[in-house]
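The block underneath contains the structure these notes are about, expressed in structure tokens.
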Amino acid sequence: MKTSTLFISLIALSFAIVGCGKSGGATAVEDGTSKPSQEASESAVIPDGMNLATARDKSFTIELPEDWLVCDAEDDNYKTKIEELKTAKAAVVLNAESIAAASAANFGAVDISDSTMEDNFAANVNANTQSIPAGKFSDDQIKQGAEAATEALFKDKGEPVEIVKIGGHSAGRYAGVMDMGAVKSYIIGYSVPVGEKIHTFTFACGSEEADKYKSVFDKMAKSIKIN
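Going by the numbering used here, the sequence shown opens with residue 4, and the numbers climb by one from there.
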């Protein structure tokens, strides 16, 4: 399979979910917000206002704003918080429940802060980990794949692709506005091939809230540690 085709197919798995504010499960939650992993927190210094969350398969950790909800349908604290939110933020609850139900994803979290707009899907992050053929992808190959995905997903509303470091590994950063008719999403994604796995991290919010969330997404992405 060509590099660009491989990247598009894997990236599309995330976008098919996150484009509507959906994603997957992860670690437990406490009091409705992200709960730091005790094992990870013992060896990491977490900035004020952030909590450490761990992927379901333990393949990575990520720092989340403390008022983000890690979505895990099997967690009792998550279920309790969702019940509390149903009256005040029905649309956000719908997004969170969709995120938690997306069993194909390795991780998902959603913003449930007071600033979340009720008439928009909530800002969220999701991550998937997929197997890839053995071998190392060059930066040029990573960039080519991300550029092809940008064209396919964003058309003329995509930003220039960049090669950045995520968890110390080369990653293709792609971003743009996805137009789904009634809903327009601003999305930043990172494709991170590591060994025989490719990690796809996707951050999304309503396009009108892009300026509000860009720095938040950037901070979260820089915190990722791949195990």
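Heads up, the beta-carbon is just placed ideally off N, CA and C, and yes, glycines get one too.
Treat the numbers as computed from the prediction; the structure is a model and nothing was measured.
Please work out which residues of its chain come closer than 8 Å, Cβ to Cβ, to E199, disregarding the five sequence neighbours upstream and downstream, and give them in chain order. Here residue 199 is taken as the residue at index 196 of the sequence shown, counted from 1. S134, I135, P136 and A137.
Candidates A130, V96 and N131: closest to D114 by CA position: Against the sequence shown, residue 114 aligns to sequence position 111. Of the candidates A130, V96 and N131, the one whose C-alpha sits nearest the C-alpha of D114 is V96.
Residues bridged to S194 by DSSP? Your numbering for residue 194 matches position 191 in the sequence shown. Answer is G175 and T203.
Among I227, Y193 and N230, which one has its Cα closest to the Cα of G148? What you label residue 148 is simply residue 145 of the sequence shown in a count that begins at 1. That would be Y193, whose Cα lies nearest to the Cα of G148.
Taking T90 as part of the alpha helix (DSSP H), name the residues at either end of that continuous run. Taking the sequence shown and counting its residues from 1, one reaches residue 90 at position 87. Where T90 is concerned, there is no enclosing alpha helix (DSSP H), given that its DSSP letter is neither H nor E.
Applying the criterion that 16 or more other CB atoms from any shown protein chain within 10 Å of the CB defines a buried residue, is P196 buried or exposed? Taking the sequence shown and counting its residues from 1, the one referred to as residue 196 is at position 193. P196 should be labelled buried.
Rounded C-alpha distance that separates H172 from T90: Working through the sequence shown from its first residue, we reach residue 172 at position 169. Working through the sequence shown from its first residue, we reach residue 90 at position 87. Cα-Cα distance, rounded: 43 Å.
Measuring CB to CB, does A56 end up less than 8 Å from N109? Working through the sequence shown from its first residue, we reach residue 56 at position 53. Working through the sequence shown from its first residue, we reach residue 109 at position 106. Result no, Cβ atoms of A56 and N109 do not sit closer than 8 Å.
Kindly give me the distance between the Cβ atoms of T203 and A130, rounded to whole angstroms, as I take these residues to be in contact under 8 Å. What you label residue 203 is simply residue 200 of the sequence shown in a count that begins at 1. What you label residue 130 is simply residue 127 of the sequence shown in a count that begins at 1. 7 Å between Cβ atoms; contact.
Please list, in chain order, all residues of the same chain as G184 whose beta carbon is under 8 Å from its beta carbon, the five residues on each side excluded. For this step, residue 184 is matched to residue 181 along the sequence shown. Counting only Cβ-Cβ distances below 8 Å, and skipping sequence neighbours, we find nothing.
Kindly indicate the opening and closing residues of the alpha helix (DSSP H) around V219. Here residue 219 refers to the residue found at position 216 of the sequence shown. A213 to K225 is the span of the alpha helix (DSSP H), which, as asked, contains V219.
Apart from the five residues on each side of it in sequence, which residues of its chain come closer than 7 Å, Cβ to Cβ, to K228? Counting from one through the sequence shown, the residue named residue 228 turns up at place 225. Answer for K228: F63, T64 and G170, listed in chain order.
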